[in-house]
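Engineer: Once you've had a glance at the structure underneath, I'll fire off some questions.
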Amino acid sequence: MIDGALPRTRMPAGLEPAQLRAVAALGLDPRAFTALPEERFGVPFRFPYHLGLYMAVNAIPGCFAVIDGPDCIYRKAEWIHGKHDLCSTLLDVGGRHRVVSTLMHSAEVIKSKGEAVVKRLRRIGQLPEAELVLVNSMPHVQIIGTQYDALIAEVEDPGFTEPVSATTVSPGVFDVTADVAGIPFIAGATSPGGTDLTFETTTANVGIEQDLTAIKAETTDWYLLSGDWRTTPEILLAASLIETDERIYLAQTSDANAQTVGNLTDVGSLLAQLGYLRTSAWYSPTDTQGVTDAIAGLMLPTVPGSETWANKLLSSVTGFVPSSSALASKNYSWLERYVALAPPNGLTATKQGKVASGTYLDIIRGRDYVKQQLQIALARLLLTTGAVRYTDQGGDQGRATIKTTLERIAEETSSGAGAENGFLLVDTIRVTTPSRSQQAAADRADRIWRGLKFSFTLQGAIHAFDVNGIIN
554 MIDGALPRTR MPAGLEPAQL RAVAALGLDP RAFTALPEER FGVPFRFPYH
604 LGLYMAVNAI PGCFAVIDGP DCIYRKAEWI HGKHDLCSTL LDVGGRHRVV
654 STLMHSAEVI KSKGEAVVKR LRRIGQLPEA ELVLVNSMPH VQIIGTQYDA
704 LIAEVEDPGF TEPVSATTVS PGVFDVTADV AGIPFIAGAT SPGGTDLTFE
754 TTTANVGIEQ DLTAIKAETT DWYLLSGDWR TTPEILLAAS LIETDERIYL
804 AQTSDANAQT VGNLTDVGSL LAQLGYLRTS AWYSPTDTQG VTDAIAGLML
854 PTVPGSETWA NKLLSSVTGF VPSSSALASK NYSWLERYVA LAPPNGLTAT
904 KQGKVASGTY LDIIRGRDYV KQQLQIALAR LLLTTGAVRY TDQGGDQGRA
954 TIKTTLERIA EETSSGAGAE NGFLLVDTIR VTTPSRSQQA AADRADRIWR
1004 GLKFSFTLQG AIHAFDVNGI IN
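Take the sequence shown: its letter number 200 is residue 753 in this note's numbering, and every next letter is one higher.
In structure tokens:
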């Protein structure tokens, strides 16, 4: 029998039989190969990431880098000190590093909304030596799509750094007051002579943030925020606070920049740049008109998802006709507005009904409603059933509860036209659950059933018709 193996007397030293067979399978002569000594710790052929960035930061005085990732970035910064510049100032024994980490691993970065990045940018902004900050992420998490430009805009935006006024009280004593009441600011100062400075808060800040805290302390049973705040700093602050809640904020502004072609400093454009999902900016040239209050009062009584916020007639609110240049302005398109559709008959109506990111309000509200109703339905199942057993049948009870709830929402949001005309397409509802054998032992011990999944397709509304005809 011929098996292709070499006689043992001719086997190259150091090669194992499995290695010989692998070489022979490639059609090569094993005698031409020699086993190399094993090296468990060899010289790396690839340099760590960010070395070029670190070299640039090290070379520019006053430059800092914020990197969205774990603290291993400091180990890479040591390469600059040990291999390139013995006087490198990237790392500081006092902790004021010029390379700053968010201290989050890849899974945490994926789940975050960039809060850690913003926090570190604000801290660096308080350092007198800071002049430039570069923002980056670890290469293996860049694909998640974090909008670092929006995070930087949040810190750079003049609405968040509204000027303050300083008034001399007595020699060596002065008051610093925000130009817009209720807008928090960070105070910092240096003494040219090296004399110690003392900070004292003489007047407590009572603004939007404190108001919302007080409201939540009284009750959390509310969904939409609409106030009489009209300035850009106030609106941006309220929007940033609502963005982290599962609520909606309707902001009203009369900012003239919204009607200026090419001017992207109006509050609607700033909100769009930040990509806020839960704030909708409404333009009205008259601050005293409660446009947002009127639309909220009209839409909130409807079943979430059954409505559209476009083409709505508002009581006690006067519409206006935008100029042609305003309509051509890109920034103006970010703002929802109550316009005159047909001036000859005086008919006025709302526009598209979108949030700053471009998503429709009915979609945001409908998704919130689906989440709420599923939570209620599953809680009711657990509370009203003697025991939902940890069996395949028990898991199927959860699956059936979700499916029934979604079908009910499809019917509720159809305005009586049948479930097939609802907010979600009833024929696309899919709900799955794993079996008991697929549950982890720890979850079985904790009595948690994981892995229930659902999917469906949303159904939008028509906001306009395009008609073509032939008249003979």
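Ideal Cβ positions, reconstructed from N, Cα and C, are used throughout, including at glycine.
Skipping 5 residues on each side, what residues in its chain have a beta carbon closer than 8 angstroms to that of Leu604?
Structural biologist: Contacts found: Lys629, Trp632, Ile633.
Engineer: Contact between the segment 644-651 and the segment 571-586 is defined here as three or more beta-carbon pairs at a separation below 8 angstroms; is this criterion met?
Structural biologist: no
Engineer: Do Phe1007 and Leu978 have their C-beta atoms closer together than 8 angstroms?
Structural biologist: Their beta carbons are not under 8 angstroms apart, which means Phe1007 does not touch Leu978 by this criterion.
Engineer: With DSSP run on the structure shown, which of helix, strand or coil describes Thr806?
Structural biologist: strand
Engineer: Give the DSSP-derived three-state secondary structure of Asp582 in the structure shown.
Structural biologist: coil
Engineer: I need the straight-line Cα distance from Thr861 to Thr755, nearest angstrom please.
Structural biologist: 48 angstroms
Engineer: Closer than 6 angstroms by C-beta to Gly971: which residues in its own chain qualify, once you throw out the five before and the five after it? Chain order, please.
Structural biologist: none
Engineer: Are Thr901 and Glu889 closer than 8 angstroms when you measure CB to CB?
Structural biologist: no
Engineer: So, is Ala834 buried or exposed, given that buried needs 16 or more other C-beta atoms within 10 angstroms?
Structural biologist: buried
Engineer: Quick one: residues in its chain with C-beta nearer than 6 angstroms to the C-beta of Thr966, no 5 flanking neighbours on either side, listed in chain order?
Structural biologist: Val856, Gly858, Ser859, Gly975, Phe976
Engineer: Identify the residues that DSSP records as bridge partners of Ser654: which are they?
Structural biologist: Ile620
Engineer: What residue ranges within the segment 780-834 form continuous alpha helix (DSSP H) runs of no fewer than 4 residues, ordered along the chain?
Structural biologist: 785-795, 820-827
Engineer: Can you check the segment 878-951 for any alpha helix (DSSP H) of at least 4 residues that lies completely inside it and give the ranges in chain order?
Structural biologist: 914-937
Engineer: How is the alpha helix (DSSP H) around Arg676 delimited, first residue to last?
Structural biologist: 668-678
Engineer: Does the segment 831-847 touch the segment 788-803, meaning 3 or more C-beta pairs lie closer than 8 angstroms?
Structural biologist: yes
Engineer: So what does Lys1006 bridge to, in DSSP terms?
Structural biologist: In the DSSP output, where bridge partners are listed per residue, Lys1006 has Thr985.
Engineer: How far does the beta strand (DSSP E) with Asn689 in it reach, from first residue to last?
Structural biologist: 685-690
Engineer: What number of angstroms, rounded off, separates the C-alpha of Lys956 from the C-alpha of Lys907?
Structural biologist: 29 angstroms
Engineer: By DSSP's criteria, Leu1011 is part of a beta bridge. Which residues make up the other side?
Structural biologist: Answer is Leu977.
Engineer: Determine the burial state of Ile929: buried for a count of at least 16 other Cβ atoms within 10 Å of its Cβ, exposed for fewer.
Structural biologist: exposed
Engineer: May I ask you to list the residues that DSSP assigns as paired with Ser723?
Structural biologist: Val726
Engineer: How big is the Cα-Cα spacing for Cys640 and Ala618?
Structural biologist: Distance between the alpha carbons of Cys640 and Ala618: 18 angstroms.
Engineer: Nearest CA to the CA of Ser910: which residue from Ala995, Ile801, Leu959?
Structural biologist: Ile801
Engineer: What's the C-alpha gap between Leu606 and Ser654?
Structural biologist: 14 angstroms
Engineer: What three-state label does DSSP hand Ala731 in the structure shown?
Structural biologist: strand
Engineer: Identify, in the order they occur along the chain, each residue of the same chain with its Cβ nearer than 6 angstroms to the Cβ of Gln842, setting aside the five sequence neighbours on each side.
Structural biologist: Val870
Engineer: Taking only three categories from DSSP, how would you classify Leu778?
Structural biologist: strand
Engineer: Return yes when the Cβ of Thr818 is within less than 8 angstroms of the Cβ of Arg783, no when it is not.
Structural biologist: Their beta carbons are not under 8 angstroms apart, which means Arg783 does not touch Thr818 by this criterion.
Engineer: Skipping 5 residues on each side, what residues in its chain have a beta carbon closer than 8 angstroms to that of Thr912?
Structural biologist: Leu830
Engineer: In angstroms, rounded to a whole number, what distance separates the CA positions of Leu803 and Gln992?
Structural biologist: About 43 angstroms.
Engineer: Do you know offhand how far Thr986's Cα is from Asp949's?
Structural biologist: 7 angstroms
Engineer: Alpha carbon to alpha carbon, how far is Ser868 from Met852?
Structural biologist: 13 angstroms
Engineer: Following the continuous alpha helix (DSSP H) through Glu771, name the residue where it begins and the one where it ends.
Structural biologist: 761-771 is the span of the alpha helix (DSSP H), which, as asked, contains Glu771.
Engineer: If Ile982 and Glu960 are in contact, beta carbons under 8 angstroms, what's the gap, nearest whole angstrom?
Structural biologist: 6 angstroms
Engineer: Give the straight-line distance between the Cα atoms of Gly828 and Ile795, rounded to the nearest whole angstrom.
Structural biologist: 13 angstroms
Engineer: Can you give me the C-alpha to C-alpha distance between Trp1002 and Leu934, rounded to a whole angstrom?
Structural biologist: Taking the CA atoms as reference points, Trp1002 sits about 14 angstroms from Leu934.
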